[in-house]
Amino acid sequence: MEYLSEEHVNLLLVKEWLAKGDSNTSTPYLLKFYASTVDLNCLILITDTKNVWGEVLTSQRVVRRWRDCNPQRSPELNTEGDEKSWPIQCLDFLSRVHSLGGVSDLVFEVVRSNYSDLAFELRNDTFRWRWETFGVGPRMSADILSKHLIMPLISATHLSFSSAEPVSSLSEADLEKSTDRVGRIARRTVDTHVKGTLSKPLVATTLRRMSAVLNLAPDPPRIVANVQAPDLTPPSPPAPARAAPQPPSARAASPPSTLRGFLASEGTGPTAAARRMPPQPVQDDDSVTEEEPEEDDSESPPPVWKGKEGAKDQRSANARSSSPAPSVPSKRATPDQGVPPAGHGSPSRPSRDESSSPLPKKSRRKLEVTSSSDSDDSEGGQKAQTSRRKNTVARGVKQPIKRGGRRF
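With the sequence shown counted from 1, adding 154 to any position gets you the working numbering.
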């Protein structure tokens, strides 16, 4: 079995289209036939302008097909000469059948078949012939339709619309010359030929109206012979609309965001807290002299300091004797440890200095004076003095004392 190929299709270029239609489905079909008595083969091409089918038959298959379709007209091939001459006679008869004059009197009918894609029969009262065709691929189908149908129709349209005289009134010789001329021009420049043919207003609008009428489009467009060139100036973009000025609001404008942030930071910062605190009264010089007595060159302190200090030393000694002495010096301030003035530092600084700095010289001198003046005290007082000296926590940095101040 041989399938339709491009070589077979090229053999059909010199063959005419045969038009037949199926009366049952009202579908038109176009056929092309080729037969060769030299190669002893024949082929058929059929299309409904949407799909393409074809079949190729060799001499043996032609004889077998004829026997199946016309058994009463099949001779017995007894000699070798009969086997060679009979296929040629069949091919010659099929060529006459598939011609413009012969196919018009035949009945065309599409039949059901289990061996092909499209099967149809051509018959009359004396004989019957059946074709078993197979579908051609979509790419090859498009090439066949373009080469065998679409391009020739475009060139024929150009000839009919560009001819000075009606084509039907031309003689066969004149029409052949005109056709050859148009064909040579179309073969050299296919794009220019197609554009020149379909760009004519009369041809383009005629095809437009024909398409609308064939497909039942409402209100078919009119055929126009002349057209005017439209204005091809591109539109300019619209100007941006200006916003109308808004009237000023009667409401007072709020401060900017930066100013509001600054005011908020000022209201929450430490400087704002300091401004909100009431001013503290300045301490009198008497408070300083009370806590920090002025150093005097005299050998003995005033009697008031001696009596108070001795009583407090006695109480501290009794408290230490009742409880074991801690290994770490106590952080409680003793009476002789002066309280620093409020204006010279914070209360937390003396506590750090007391744990790290050594005993100031001032305290030692005061302790020596107290021990020399109380030499006649009891032995318990001396122990209390010694323990107090050991457990005394160091004061902070010595502050300058104002000279000439009032003292008790």
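A virtual CB, placed ideally from N, CA and C, is assigned to each residue, including glycine.
As the structure is a computational prediction, the values presented were derived from the model and not from experiment.
Check	Outcome
If you pair each beta-carbon of the region 165-175 with each one of the region 216-228, do three or more pairs fall below 8 Å?	no
Using a Cβ-Cβ cut-off of 7 Å (strictly less than) and excluding sequence neighbours within five positions of N380, which residues of its own chain qualify?	P355
Could you tell me the distance, in whole angstroms, from the CA atom of L260 to the CA atom of D328?	33 Å
Under 6 Å Cβ to Cβ from S441, same chain only, skipping five residues before and after it: list those, please.	The predicted position of S441 is uncertain, since its pLDDT is 44 and thus under 50; no value can be drawn from it.
Classify F274 as buried or exposed, calling it buried when 16 or more other Cβ atoms lie within 10 Å of its own Cβ.	buried
Using 10 angstroms around the beta-carbon of K186, count the other beta-carbons present and answer buried if the total reaches 16, otherwise exposed.	buried
In its own chain, which residues sit with a C-beta less than 6 Å from the C-beta of V257, not counting the 5 before and 5 after it?	L172
For D246 and L370, what's the separation of their Cα atoms in angstroms?	44 Å
R363 by DSSP, collapsed to three states: which one?	helix
I need the DSSP call for D385, collapsed to helix, strand or coil.	coil
On the premise that D202 lies in contact with Y183, defined as a C-beta separation below 8 Å, what is that separation, rounded to the nearest angstrom?	6 Å
On the DSSP letters alone, give me the boundaries of the alpha helix (DSSP H) that E326 sits inside.	E326 to R342
If we call anything under 8 Å between Cβ atoms a contact, is R282 one with N224?	yes
In the DSSP assignment, find the alpha helix (DSSP H) that holds G291 and state where it starts and stops.	Where G291 is concerned, there is no enclosing alpha helix (DSSP H), given that its DSSP letter is neither H nor E.
Just to confirm the assignment: which complete beta strand (DSSP E) runs, minimum length 3, are found wholly within the region 262-293?	272-277 and 282-289
Hey, would you say G291 sits closer than 8 Å to W207, going by beta carbons?	no
Would you mind sorting P401 into buried or exposed? The rule is 16 or more other CB atoms within 10 Å of its CB.	exposed
Take L352 as the anchor and find which of T311, W240 and L211 has the nearest alpha-carbon.	T311
What is the residue span of the alpha helix (DSSP H) that D222 lies within?	S213 to C223
Quick check: V378 and T359, are their CB atoms within less than 8 Å of each other?	yes
Beta-carbon separation of W240 and V265 under 8 Å?	no
With respect to the beta strand (DSSP E) encompassing I200, which residues constitute its N-terminal and C-terminal limits?	N195 to T201
Does the beta-carbon of T343 have 16 or more other beta-carbons within 10 angstroms, so that it is buried, or is it exposed?	exposed
Classify D246 as helix, strand or coil using the three-state DSSP reduction.	helix
On a Cα-Cα basis, can you pick out the residue from S213, D271, I298 and R293 that is closest to K238?	S213
So, using beta-carbon positions, are N205 and S295 closer together than 8 Å?	yes
Using DSSP bridges, identify the partner residues of G206.	Rather than Gly, the amino acid found at residue 206 in this sequence is Val. According to DSSP, V206 bridges with T201.
Can you tell which of L368, Q382, R362 and A383 has the C-alpha that lies nearest to the C-alpha of R376?	R362
First and last residue of the alpha helix (DSSP H) that includes A310?	M305 to S316
As a quick exercise: from S177, L166, G175 and W220, pick the residue whose alpha carbon is nearest that of L197.	L166
Go through its chain and collect everything with a Cβ distance to W220's Cβ below 7 Å, but skip five positions before and after it.	S228 and C244
Consult DSSP for S510 and reduce its assignment to one of helix, strand or coil.	Bear in mind that the predicted position of S510 carries a pLDDT of just 45, short of 50, making it unreliable; the figure below should be weighed with that in mind. Looking at S510 - three-state DSSP - the assignment turns out to be helix.
Could you tell me how far apart the beta carbons of E286 and E209 are, in whole angstroms, since I believe they sit closer than 8 Å?	6 Å
Looking only at its own chain, which residues have a Cβ that is under 8 Å from the Cβ of L254, when we skip the five neighbours before and after it?	E170 and L172
Using CA atoms only, rank isn't needed, just tell me which of R396, L248 and E263 is closest to S177.	E263
Beta-carbon separation of F315 and V357 under 8 Å?	yes
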